[in-house]
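Structure first, commentary second.
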Amino acid sequence: NLFILLGSILIYIKFIRNIISKNYKNASLLFLLFCLMGISLFLEKEVTSRLISLVWLIAIIFVTFNQIHSKLRLIIAVGIVLLSISYITNSNRFQKGFSEIKNVYVNNKFEGSWGHRLKLAEYGIKMWLENPIIGRGIVDPVDKMREQKKINPNDFKDPTVHFHNQLILILVQVGLLGFTLFLSFFYYFYNLKIKNTEINLFKQTTLLVYFLVMFGEHYLHMIYTSTFFALLIGLFFAYKNQEAIKN
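Numbering-wise, the sequence shown is residues 59 to 305 according to the working numbering.
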């Protein structure tokens, strides 16, 4: 899903650039491909697809506001927001998730996928507060979660013992110091200037997407998504160096 998301965003950037340059023939083909890829994200039934679809919508608004500097961008943004509200309102998956969150705050019951994630996030915050500056290290949080699983097995629906939140995991493992370094990495690459407008915007959107999806899963701990992220960062950096050599 993450690969489709980023691929569709790159196509959307090219679509906007073709609209700006009044190349409507290419723009129509790109828009068709963009729609097909976007629809596939909403048809996926996995739990993380809800997160991915929301991040996809945010990324589209981000690209639109970066590329279109007229009243049209407001029209597109409002249209996306209205479509999002309509989709969320009529989606059984989202309604089920919202009811699980409501159950947490009204009845203090951590049930379902979203409730389960909130409970694990709660464990993570408590563990981070025990050693907030330098963290607990890499192995210790896993051992601590296994202990909690033995004490409260109902809070752990799946066999894996992690927080389903990359940012909380980083805070727990390396504390505020490590988390600050992590954010500085994103800040540095976000502000790395690439002259090619499409590549630069895709770089910024890629960083935004990865940062947002980490709220719902450990994407930098999964072999394919972490390798893909490292590959993209390497390509962006190489492109920047190539531009410097040409100049």
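Even for Gly, the Cβ is constructed at its ideal location relative to N, Cα and C.
Just to confirm, are LEU227 and ILE191 a CB contact at a threshold of 8 Å? Using a Cβ distance threshold of 8 Å, LEU227 and ILE191 do not count as a contacting pair.
Can you tell me which of LYS251, SER86, LEU115 and LYS304 puts its alpha carbon nearest to the alpha carbon of GLY137? Nearest C-alpha to GLY137: LEU115.
Take the Cβ of LYS251 as the centre, count every other Cβ of all protein chains shown within 10 Å, and call the residue buried at 16 or more, exposed below. Exposed, because fewer than 16 other Cβ atoms sit within 10 Å of the Cβ of LYS251.
Alpha-carbon spacing of GLN206 relative to GLY182, whole angstroms: A direct Cα-Cα distance of roughly 11 Å separates GLN206 from GLY182.
Using the three-state DSSP reduction, which class does PHE120 fall into: helix, strand or coil? For PHE120, the three-state secondary structure derived from DSSP is helix.
Would you mind reading off the limits of the alpha helix (DSSP H) that contains GLU256? GLU256 -> alpha helix (DSSP H) spans 255-271.
On a Cα-Cα basis, can you pick out the residue from SER79, GLY96 and LYS83 that is closest to LEU68? With respect to the C-alpha of LEU68, the residue from SER79, GLY96 and LYS83 having the closest C-alpha is GLY96.
Roughly how many angstroms separate the alpha carbons of LEU88 and PRO199, rounded to a whole number? The straight-line gap separating the alpha-carbon atoms of LEU88 and PRO199 is approximately 45 Å.
Taking the alpha-carbon of VAL139 as reference, which of GLN262, SER111 and THR285 has the nearest alpha-carbon? Across the set GLN262, SER111 and THR285, the C-alpha of SER111 shows the shortest separation from the C-alpha of VAL139.
Write down the C-beta distance between ALA135 and THR147 rounded to the nearest angstrom, noting that I regard them as a contact closer than 8 Å. In this structure ALA135 does not touch THR147 by the C-beta definition: roughly 19 Å separates them, more than the 8 Å allowed.
Whole-angstrom C-beta distance between GLY193 and VAL230, which should lie under 8 Å: Rounded, the Cβ-Cβ distance is 6 Å, consistent with contact.
Less than 8 Å between the beta carbons of ASN150 and LEU99, yes or no? By the CB criterion at 8 Å, ASN150 and LEU99 fall outside the cutoff.
Among LEU259, THR264 and HIS222, which residue has its Cα nearest to the Cα of GLY173? Closest option to GLY173, Cα to Cα, is HIS222.
When ASN81, VAL113 and ILE291 are compared against TYR246, the one with the closest alpha-carbon: Measuring from the Cα of TYR246, the nearest candidate turns out to be ILE291.
So, with DSSP's three-state summary, where would you put LYS160? For LYS160, the three-state secondary structure derived from DSSP is helix.
Residue of LEU266, VAL271 and ASN258 minimising C-alpha distance to GLU301: For GLU301, the nearest C-alpha among the options comes from ASN258.
Excluding five sequence neighbours on each side, which residues of the same chain lie with their C-beta closer than 7 Å to the C-beta of LEU266? Take LEU266, set aside five residues on each side of it, and the residues of its chain with a beta-carbon closer than 7 Å to its own are ALA117 and PHE120, in chain order.
Could you tell me the alpha carbon to alpha carbon distance between LYS13 and PHE260, rounded to whole angstroms? The first residue shown for the chain is 59 and the last is 305, placing residue 13 beyond what the model contains.
Closest residue to TYR145 among GLU158, ARG108, TRP186 and HIS127 (Cα-Cα distance): Comparing Cα positions, the closest option is ARG108.
Would DSSP call GLU205 helix, strand or coil? Look at GLU205 here: in three-state DSSP terms it is helix.
Do PHE92 and PHE73 come within 8 Å of each other at the CB atom, strictly closer than that value? Their beta carbons are under 8 Å apart, which means PHE73 touches PHE92 by this criterion.
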